[in-house]
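A.B. asks: With our numbering as the guide, the letters of the sequence shown map in order to residues 32 to 355. By construction, the Cβ of each residue, glycine as well, lies at the ideal position given by its N, Cα and C atoms. None of these values were measured; they are calculated from a predicted model. After the structure tokens below, expect a handful of questions from me.
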Amino acid sequence: MSLQIGRTERARSPVFVFAHKRQLLHGRCSTIDNANCSTCSMKINSTCTLTALPIAALPGPRTTSHYSTAAANWCYATVAPRARSSTIAASLGTPAPSSSASFRPKLIRTTPVQAAPVAPALMDAAVERLKTGFEKFKTEVYDKKPDFFEPLKAGQAPKYMVFACADSRVCPSVTLGLEPGEAFTIRNIANMVPAYCKNKYAGVGSAIEYAVCALKVEVIVVIGHSRCGGIKALLSLKDGADDSFHFVEDWVRIGFPAKKKVQTECASMPFDDQCTVLEKEAVNVSLQNLLTYPFVKEGVTNGTLKLVGGHYDFVSGKFETWEQ
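Here you go:
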């Protein structure tokens, strides 16, 4: 089945591609519920974020289409807003819009398809953003604090080891006000810490070993956060179901004991409320797993190392901690 419904004539108003991020880690994208997009009138799920980009910067024909891709978990819709004259072929059962009515794009395919390539101009702009970001940091921070950065050249002596989620909305250095050199940080999906195993998860194990045995950190902090996609994926896992991703499901199963506890004790709660509880219970599982590392347990027993759990709620702007 072709994804192209048809060509549209050049509209007087600009044509945009609207891309909204799927929040679910499995299943098809839910695009036909909740509020309309004020610009293109497309139904957008309340958990989606919407980005508008000029279609002129994108490769390929100027067509009106709507498709999803499991590879990138994005949905795209190219729309000509209120085009005065456009002809849409109805080969897929989509009626041609009248000149007096605004076009409302519909989901015409739910099966995954190949992702469209990103235009070179957009890629170049993304890289340039990193360069300008560094230039600003160097001018406003690095060059103005030579006494602060000079000692870092000799080595690092962080007090904290921080486990945080890879979620782009929760940067521990920003939210906790940590300066360079203060925290040895590990970020992954759902801020998980697996149990000690020399044959698996060596990346995490080696980081913990180096932080405790070489850097002599004093505190290990595991920080969960609100609206965590990894936690939602964990709570949504069905026993015996095929994995949708190569790695994600297997990774979040580290928090399976926390999931079982929440499902048992909070069965009557709505799904989102269960996720909030699970965000904290998964932290507790990670704290327990830390104690399976012999050098961590030794440090805790000797009083040279402390384990702390944390939760950052970026919706309400709250942060709480508790000790293991």
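In the DSSP assignment, find the unbroken alpha helix (DSSP H) run with phenylalanine 326 in it and report its ends.
C.D. replies: Judged by DSSP secondary structure, phenylalanine 326 falls within the alpha helix (DSSP H) whose first and last residues are 325-333.
A.B. asks: Given that a residue counts as buried once 16 or more other Cβ atoms are within 10 Å of its Cβ, and exposed if not, what is glutamate 310?
C.D. replies: Result: buried.
A.B. asks: On the DSSP letters alone, give me the boundaries of the beta strand (DSSP E) that arginine 218 sits inside.
C.D. replies: 214-219
A.B. asks: Is methionine 223 closer than 8 Å to tryptophan 1 when the C-beta atoms are compared?
C.D. replies: No answer is possible for residue 1: the residues shown for the chain start at 32 and end at 355.
A.B. asks: DSSP state of valine 252, grouped into three classes?
C.D. replies: Note: valine 252 maps to strand in three-state DSSP.
A.B. asks: Go to isoleucine 164, then tell me how far its alpha helix (DSSP H) extends in each direction, as first and last residue.
C.D. replies: Position check: residue 164 holds glycine in this sequence, whereas isoleucine was assumed. Taken as a continuous stretch (DSSP letters only), the alpha helix (DSSP H) holding glycine 164 covers 151-168.
A.B. asks: Does the distance from the C-beta atom of threonine 205 to that of leucine 336 stay below 8 Å?
C.D. replies: One point to set straight first is that residue 205 is valine, not threonine, in the sequence displayed. Taking 8 Å as the Cβ cut-off, valine 205 and leucine 336 do not qualify as a contacting pair.
A.B. asks: Taking its Cβ as the centre, do 16 or more other Cβ atoms sit within 10 Å of lysine 184, making it buried, or is it exposed?
C.D. replies: By the Cβ neighbour-count rule, lysine 184 is exposed, with fewer than 16 other Cβ atoms within 10 Å of its own.
A.B. asks: Note down, in chain order, each residue of its chain lying with its Cβ closer than 7 Å to the Cβ of threonine 323, except the 5 sequence neighbours on either side.
C.D. replies: Ala226 and Tyr227
A.B. asks: Per DSSP, which residues does aspartate 304 bridge with? Please list them.
C.D. replies: Partner(s): none; aspartate 304 has no beta bridge.
A.B. asks: Helix or strand or just coil, what does DSSP make of lysine 184?
C.D. replies: Helix, per DSSP.
A.B. asks: Have a look at the DSSP bridge pairing and note the partners of phenylalanine 287.
C.D. replies: Beta-bridge analysis with DSSP links phenylalanine 287 to no other residue.
A.B. asks: Should the stretch 155-167 be regarded as contacting the stretch 209-224, the criterion being three or more beta carbon pairs within less than 8 Å?
C.D. replies: no
A.B. asks: At which residues does the beta strand (DSSP E) containing lysine 337 begin and terminate?
C.D. replies: 337-344
A.B. asks: Indicate the three-state DSSP secondary structure (helix, strand or coil) for cysteine 196 in the structure shown.
C.D. replies: strand
A.B. asks: Going by DSSP in three states, tyrosine 191 sits in which element: helix, strand or coil?
C.D. replies: strand
A.B. asks: Short check: CB of valine 339 to CB of glutamate 354, under 8 Å?
C.D. replies: yes
A.B. asks: Between glycine 255 and aspartate 198, is the Cβ-Cβ spacing less than 8 Å?
C.D. replies: For glycine 255 and aspartate 198, no; Cβs fall outside 8 Å.
A.B. asks: Would you call the CB atoms of phenylalanine 287 and valine 248 closer than 8 Å?
C.D. replies: no
A.B. asks: In the DSSP assignment, the alpha helix (DSSP H) including lysine 269 goes from what residue to what residue?
C.D. replies: No alpha helix (DSSP H) contains lysine 269, which DSSP labels as neither H nor E.
A.B. asks: Would you kindly report the start and end of the unbroken alpha helix (DSSP H) that includes glutamate 210?
C.D. replies: Neither: glutamate 210 is in no alpha helix (DSSP H) and is coded neither H nor E.
A.B. asks: Using three-state DSSP, classify phenylalanine 350 as helix, strand or coil.
C.D. replies: strand
A.B. asks: Could you compute how far the alpha carbon of isoleucine 217 sits from the alpha carbon of phenylalanine 194?
C.D. replies: Those two C-alpha atoms are separated by around 5 Å.
A.B. asks: How about the stretch 292-305 and the stretch 234-242: do they share at least three Cβ pairs that are nearer than 8 Å?
C.D. replies: Result no; under three Cβ-Cβ pairs closer than 8 Å.
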